[in-house]
Structure formats: structure tokens, C-alpha cells
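Peer 1:
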């Protein structure tokens, strides 16, 4: 792709998100979300592969549906209450509709079906943008509307952690596994959204760091399915030994960074007199942990299922920058000691 066009599209992505961040009016927030969607569509379809075009079409249709529902809900709110202000959502019907529209935008269960299919059709770089940057604007709106409909948020969060764990169990494609991992993490964020918005932001930040590392590892190894991970030891032995730690951090095992948000969320849910919900969330984390362990096993403890000499990968110098990967990997593995500082920032 022409670098000028690429720069324009990336500027559009940034502009759309910034407009949504800065808006207090529903119409402006909707415009930001639309600019965001229109900027990523050419990035998704740039390879002219039938799968990429199919993924782009699916993404466009779901985002257009969510945006239309959001606009309809905000108009309904203005009609019922006379308010276009994002923080003045007082009527339960438009609030519920907007919550569902934003859930469809980010891919929360049960509106999640598009996410694995779309991610599977993209290359890893665009998939990384879709899994991280595209979640920012809807979450900014989620945090602003202060959803008072606790039942629907808890139902969406619990369904997402469950389906995110369950859906990834039988997958062999790495991008689909990462999509289900994304659904499960979004479920954790949604569970605690109404009790501690700052904790949701912390979880979103750590999820971004861990997902960034995982995508860069797979990109460096040019891996798209589990079998292709098995030859990574011949290409990048040191990175292959670090990759299980990145994956287990995504799973939330101590003493890795990914344990911190899960620990704090379970603590918050227990404080709110929701021990059953906390227990269910912890049990659904085991499902996700299984497929991270499966990936770790495939990378470090198995050989590629082919003994022909022709399958040995050529070790060309990779054009990919390794500094971002080094920084994000360090952050993914070693940030747990900062948990007390995070707790102090989150406040009481």
C-alpha cells in the first residue's frame, strides 16, 4: 500500500477515536465511530484475498448495524428525555439499547460471532489493530454512560468469559484463538465495569500489552496455526522460550502481569458481595488457560510433524523491528510487582 494512503488511513483511525474520546454529544460520538470504521476497512481489504474481502464485508455489516442501533438509541433518548448528552442517560430503554450496540461493536458474547471469523481473514498486523485500538472508542463510551443496568452487564460479561474460554478449546487457527481470548478478556472488563471503572481501564491496558506481545511473536514466526508454531524453535530459540510466559500471562497465571487484573477483579467482585460471580469467573478462566497451555506445549515441547529436510525454515534476517517486541514482552512478564502502585492509583 502507498505510504501516503497508509498514513492517511492511520490518521483517520486516530482521528475517529479522538473525536469519540472528546465528545459529550451522541451525534459526535457516532461520527467518531463511523470515521474509525471507514478508516480500517481499506486496511483490512488491502491484500485482495477472497478471505480478506469476506472478513471486511462481515466487519462492515456488523459495525454498520451497531452504529445504526447506537444512533437510533441516542435519538430515542433525546426524544424521551430531551438530552443529547452522553452522561445524561437516565431512561432504561435507550441505555440498554446503547449497551447492546457497544457490545456488538467490541464483540461481547452473545454478539461475538463476527469476531473470530473477521480476525481469521486478516493478516496479523491488521488483526492487532482490530483487537486493540478498535476497542478504545466503544470502551470510552461504556465508561461515560455509567450503565446502571447491572444485570445486563453481568450477563454479557459472564457469557463472554464462558464463550471466550469454550470457543477457543477446539481451534487450531491462532487468529481464531486470539479472537476468543479477546472475547474472554472483554468479559472480565465488563464484569467489573459498573463497580470500578478504573479497574476496567487497568485491565484494558494490560490486555493491550499482552495481546501486542502475542501478535508480534506470531508475526515474527509467520505462524498462523498451531502446527507452524512447532518450527519456531529453529528460527528464534530465545523467543520460543519466552513465548509460553507471554501466553501464560494472557491466561492470568502468577507471577506474571496478567494475574494482576484478574486478582483485582475477583477481589472487587468479592467486596461487592458477589462471591458466586467471582467463583464462576475464576472457573471460566481455567477454560482459557487450557488453550494457552496447548499453544505453549505446541511451541516448546513438540517437533514439527514432518521429518523431510525440505521443511527446515531458512533463517533470513527478519525485517520486523524487535525493540517493540522486547519492550512489550518485558512488560507482559514482569509488571506484577507494580500491583500495589496500581491499587493505589485505583483508589479505595
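Numbering (this note's numbering), first residue to last: 12 to 359. Glycine included, every Cβ here is placed at the ideal spot set by N, Cα and C.
Give the C-beta separation of residue 30 and residue 42 to the nearest angstrom, bearing in mind that I take them to be a contact with Cβ-Cβ under 8 Å.
Peer 2: Here residue 30 refers to the residue found at position 19 when the chain shown is read from its first residue. Here residue 42 refers to the residue found at position 31 when the chain shown is read from its first residue. Right, the Cβ-Cβ distance comes to about 6 Å (below 8 Å), so this counts as a contact.
Peer 1: Would you kindly check if the distance between the Cβ of residue 97 and the Cβ of residue 35 is under 8 Å?
Peer 2: In the chain shown, counting from the first residue as 1, residue 35 sits at position 24. In the chain shown, counting from the first residue as 1, residue 97 sits at position 86. For residue 35 and residue 97, yes; Cβs fall inside 8 Å.
Peer 1: From the DSSP secondary-structure annotation, give me the bridge partner or partners of residue 134.
Peer 2: The residue you call residue 134 lines up with position 123 of the chain shown. Per DSSP, none; premise fails for residue 134.
Peer 1: How many Å lie between residue 274 and residue 152 at the Cα?
Peer 2: One-based indexing of the chain shown puts residue 274 at position 263. One-based indexing of the chain shown puts residue 152 at position 141. Rounded to the nearest angstrom, the two C-alpha atoms are 25 Å apart.
Peer 1: Relative to the C-alpha of residue 174, which candidate in 229, 356, 123 and 71 has its C-alpha closest?
Peer 2: Translated into positions along the chain shown, residue 174 becomes position 163. The candidate whose alpha carbon is nearest that of residue 174 is 123.
Peer 1: Given this structure, state the Cα-to-Cα distance separating residue 59 from residue 356, to the nearest angstrom.
Peer 2: Counting from one through the chain shown, the residue named residue 59 turns up at place 48. Counting from one through the chain shown, the residue named residue 356 turns up at place 345. When rounded, the distance between both Cα atoms is 46 Å.
Peer 1: Taking 8 Å as the cut-off, does the segment 180-197 touch the segment 299-318 (at least 3 CB pairs, one atom from each stretch)?
Peer 2: Judged by Cβ distances under 8 Å, the segment 299-318 makes contact with the segment 180-197, as three or more pairs qualify.
Peer 1: What are the uninterrupted segments assigned as alpha helix (DSSP H) that are 4 or more residues long and contained completely in the segment 44-101, given in chain order?
Peer 2: The qualifying runs are 61-92.
Peer 1: Beta carbon of residue 161, beta carbon of residue 198: below 8 Å?
Peer 2: As a first step, residue 161 is located in the chain shown; it is residue number 150 there, counting from the start. As a first step, residue 198 is located in the chain shown; it is residue number 187 there, counting from the start. Not in contact: residue 161 and residue 198 (Cβ atoms no closer than 8 Å).
Peer 1: Going by DSSP, what residues sit across from residue 123 in a beta bridge?
Peer 2: In the chain shown, counting from the first residue as 1, residue 123 sits at position 112. Answer by DSSP bridge pairing: none, since residue 123 is not bridged.
Peer 1: With DSSP run on the structure shown, which of helix, strand or coil describes residue 184?
Peer 2: As a working mapping, residue 184 is identified with position 173 in the chain shown. Residue state, collapsed to three classes: strand.
Peer 1: Exposed or buried, what is residue 125 when buried is set at 16 or more other beta-carbons lying within 10 Å of its beta-carbon?
Peer 2: Within the chain shown, residue 125 is the residue found at index 114, counting from 1. With 16 or more Cβ atoms within 10 Å of its Cβ, residue 125 is classed as buried.
Peer 1: Under the DSSP definition of a beta bridge, which residues are partnered with residue 36?
Peer 2: Translated into positions along the chain shown, residue 36 becomes position 25. BP columns for residue 36 point to 96.
Peer 1: Beta-carbon separation of residue 347 and residue 265 under 8 Å?
Peer 2: Within the chain shown, the letter at position 336 stands for residue 347. Within the chain shown, the letter at position 254 stands for residue 265. Yes.
Peer 1: Hey, out of 201, 239 and 225, whose CA is closest to residue 214's CA?
Peer 2: Walking along the chain shown from the start, residue 214 turns up at place 203. For residue 214, the nearest C-alpha among the options comes from 201.
Peer 1: Rounded to the nearest angstrom, what separates residue 226 and residue 40 at their Cα positions?
Peer 2: The count along the chain shown starts at 1 and reaches residue 226 at position 215. The count along the chain shown starts at 1 and reaches residue 40 at position 29. Taking the straight line from one Cα to the other gives about 29 Å.
Peer 1: According to DSSP, is residue 236 helix, strand or coil?
Peer 2: Here residue 236 corresponds to residue number 225 of the chain shown, with the count starting at 1. Correct three-state label for residue 236: strand.
Peer 1: To the nearest angstrom, how far is it from the Cα of residue 66 to the Cα of residue 145?
Peer 2: For the purposes of this step, residue 66 is identified with residue 55 of the chain shown, where counting begins at 1. For the purposes of this step, residue 145 is identified with residue 134 of the chain shown, where counting begins at 1. Their backbone Cα atoms lie some 15 Å apart in a straight line.
Peer 1: So residue 277 and residue 292 are supposed to be a Cβ contact under 8 Å. How far apart are they, rounded?
Peer 2: Here residue 277 is taken as the residue at index 266 of the chain shown, counted from 1. Here residue 292 is taken as the residue at index 281 of the chain shown, counted from 1. The pair is a contact, with the Cβ atoms about 7 Å apart (cut-off 8 Å).
Peer 1: When you compare only the Cα positions, how much space is there between residue 82 and residue 163?
Peer 2: Looking up residue 82 in the chain shown gives position 71. Looking up residue 163 in the chain shown gives position 152. Taking the straight line joining both Cα atoms gives about 20 Å.
Peer 1: DSSP three-state label for residue 195, please.
Peer 2: Taking the first residue of the chain shown as position 1, residue 195 is located at position 184. If DSSP states are grouped into helix, strand and coil, residue 195 belongs with the helices.
Peer 1: Where do the ends of the alpha helix (DSSP H) carrying residue 278 lie?
Peer 2: By 1-based counting over the chain shown, the position of residue 278 is 267. Here the alpha helix (DSSP H) through residue 278 covers 270-282.
Peer 1: Measuring from the CB of residue 201, is there a heavy atom of the ligand MG at a distance below 7 Å?
Peer 2: For the ligand MG, the structure offers nothing, since it holds no ligand at all.
Peer 1: Count the other C-beta atoms from every protein chain shown that fall within 10 angstroms of the C-beta of residue 62, then say buried if there are 16 or more, exposed otherwise.
Peer 2: Along the chain shown, read from residue 1 onward, the residue named residue 62 stands at position 51. By the 10 Å Cβ count, residue 62 comes out exposed.
Peer 1: Using the C-alpha atoms, what's the distance from residue 46 back to residue 94?
Peer 2: By one-based count along the chain shown, residue 94 stands at place 83. By one-based count along the chain shown, residue 46 stands at place 35. If you take the alpha carbons of residue 94 and residue 46, they lie about 24 Å apart.
Peer 1: Do residue 343 and residue 268 have their C-beta atoms within less than 8 Å of each other?
Peer 2: By one-based count along the chain shown, residue 343 stands at place 332. By one-based count along the chain shown, residue 268 stands at place 257. A contact, by the Cβ cut-off of 8 Å.
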